[in-house]
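102 is the number that this note's numbering gives to position 108 of the sequence shown; each next residue is one higher, with no gaps. A virtual CB, placed ideally from N, CA and C, is assigned to each residue, including glycine. Everything on this sheet refers to the single structure shown next.
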Amino acid sequence: MENSLEKAIWLKANQLSFKIGSKYLLKDINLSIENGEFVGILGPNGAGKSTLIKLLSGFLKPFEGEIFINEKKINEYPLAKLAQLRAVMQQHLSMNIGFNVIDVILFGQVSIKSTSSSLMLDTHYHSLKTDSALIEIIELTECNALLNRNIQSLSGGEQQRVHLARTLYQIWSNTSDMVGIFLDEPTSALDLYYQQNLLRLLKNIAKEKKIAICAILHDVNLAALYADRLIVLNNGVVKLDAPPHFVLTHPEFFNWYRLDGGITYHTEHQSIPQIYLKR
-5 MENSLEKAIW
5 LKANQLSFKI
15 GSKYLLKDIN
25 LSIENGEFVG
35 ILGPNGAGKS
45 TLIKLLSGFL
55 KPFEGEIFIN
65 EKKINEYPLA
75 KLAQLRAVMQ
85 QHLSMNIGFN
95 VIDVILFGQV
105 SIKSTSSSLM
115 LDTHYHSLKT
125 DSALIEIIEL
135 TECNALLNRN
145 IQSLSGGEQQ
155 RVHLARTLYQ
165 IWSNTSDMVG
175 IFLDEPTSAL
185 DLYYQQNLLR
195 LLKNIAKEKK
205 IAICAILHDV
215 NLAALYADRL
225 IVLNNGVVKL
235 DAPPHFVLTH
245 PEFFNWYRLD
255 GGITYHTEHQ
265 SIPQIYLKR
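This is how it looks when you write it as structure tokens:
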């Protein structure tokens, strides 16, 4: 039973297309994401990666096709229920109002609770003592020392960690459904330590917590090292959907990225290919 649940499909997209005017940004997308799977979305700039995330998470409506979460069309879920099943960490996040970090993290629960944000924020110190999910997420994302700081005073990397904590907090307590999170370039503002730390965390969350992870990643070597499966987009079309060792060694991979480089292999994980660029 446990093994069948691990292999269960959390999200499925059938014949998904999206266009603006007469121009298709995505065309005939078919994909699925399993429970507890870490899927990386790859592709050059303008391939349609961010648009795909917005469609899969329900923020955009497809021109054609259907999206299912837990075998139910996402447009049939009430918004509050959908918020319990998936959370999204956008690429560009800004807080124009000077909330403290703990307040920002607690916003992850605003969309799924009837209580107002002001009521939630008034009770956050109580939550820090009694909410085991909140405590665990703060520790996992290493936000402990940031809680009382103004979000606007943080570096870009620190803000990324806070928004990851907020995203996780949104779905963390839902233990009755298969859940997942979408991340649009989550490592973009992070130094090497926090890139490694975040991707290790995401891989561990997928494996141990059985949370599906779907992340847009620009560093193909990191994507190959941490993701279970890679989906390559180019010109709005899925070119390849396969494990990392098939993707990076595909004869057309360098053409899709217009790269002048070659293939080597990770010295510790010798089955995982890595890209190198020529000078």
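ask   = Can you tell which of E246, F101, P245 and L227 has the C-alpha that lies nearest to the C-alpha of A41?
value = L227
task = Would you give the residue range spanned by the alpha helix (DSSP H) that I131 belongs to?
result = S126 to L134
task = Pick helix, strand or coil for P238, following the three-state DSSP scheme.
result = helix
ask   = Taking buried to mean at least 16 other C-beta atoms within 10 Å of its own C-beta, is R252 buried or exposed?
value = exposed
The region 65 to 80 contacting the region 167 to 180, beta-carbon criterion three pairs below 8 Å = yes
request  = Identify which residue in L177, E152 and Y220 has its Cα closest to the Cα of H263.
outcome  = Y220
ask   = In terms of residue numbering, what span does the alpha helix (DSSP H) encompassing N24 cover?
value = It is not in any alpha helix (DSSP H) - N24 instead sits in the beta strand (DSSP E) that spans K17 to E28.
task = Quick one: residues in its chain with C-beta nearer than 8 Å to the C-beta of N142, no 5 flanking neighbours on either side, listed in chain order?
result = N94, V95 and I96
request  = Go ahead and pull the three-state DSSP assignment for D222.
outcome  = coil
key: Coil, strand or helix - G256 by DSSP   = strand
ask   = Quick one: Cα of N215 to Cα of G34, how far?
value = 11 Å
task = Please determine, among Y71, G37 and L19, the residue with the shortest C-alpha to C-alpha distance to D235.
result = G37
key: Buried or exposed by the 16-neighbour rule on C-beta atoms within 10 Å, applied to L192   = buried
key: Within 9 Å, strictly: CB atoms of L49 and I23   = yes
task = Whole angstroms is fine: what's the gap from Y163's alpha carbon to K272's?
result = 42 Å
request  = Take D185 and list the residues in its own chain whose beta-carbon comes closer than 7 Å to its own, dropping the five residues that flank it on each side.
outcome  = G151
Assigned secondary structure, A200 (DSSP; H/G/I helix, E/B strand, else coil) = helix
request  = Out of I132, I207, L73 and A2, point me to the one whose CA is closest to V104's CA.
outcome  = L73
query = Between which two residues does the beta strand (DSSP E) carrying I270 extend?
reply = Checking the displayed sequence, the identity of residue 270 turns out to be Tyr instead of Ile. Note, Y270: beta strand (DSSP E), P267 to L271.
key: Straight-line Cα distance separating I61 from K67   = 6 Å
inquiry  = Using 8 Å for Cβ pairs, my map puts L54 next to V232. What's the rounded Cβ distance?
reply    = The pair is not a contact, with the Cβ atoms about 17 Å apart (cut-off 8 Å).
inquiry  = For H212 and A127, I'd like the C-alpha separation in whole angstroms.
reply    = 30 Å
ask   = First and last residue of the alpha helix (DSSP H) that includes S44?
value = K43 to L50
ask   = CB A159 to CB L177, shorter than 9 Å?
value = no
CA-to-CA distance, Q268 to T258, given in whole angstroms = 5 Å
task = Taking F62 as part of the beta strand (DSSP E), name the residues at either end of that continuous run.
result = E58 to I63
query = Can the beta-carbon of P274 be found less than 9 Å from the beta-carbon of F101?
reply = Any property of residue 274 remains undetermined from this structure, which presents the chain solely from -5 to 273.
key: Reduced DSSP category for W250 - H, G, I as helix; E, B as strand; rest coil   = helix
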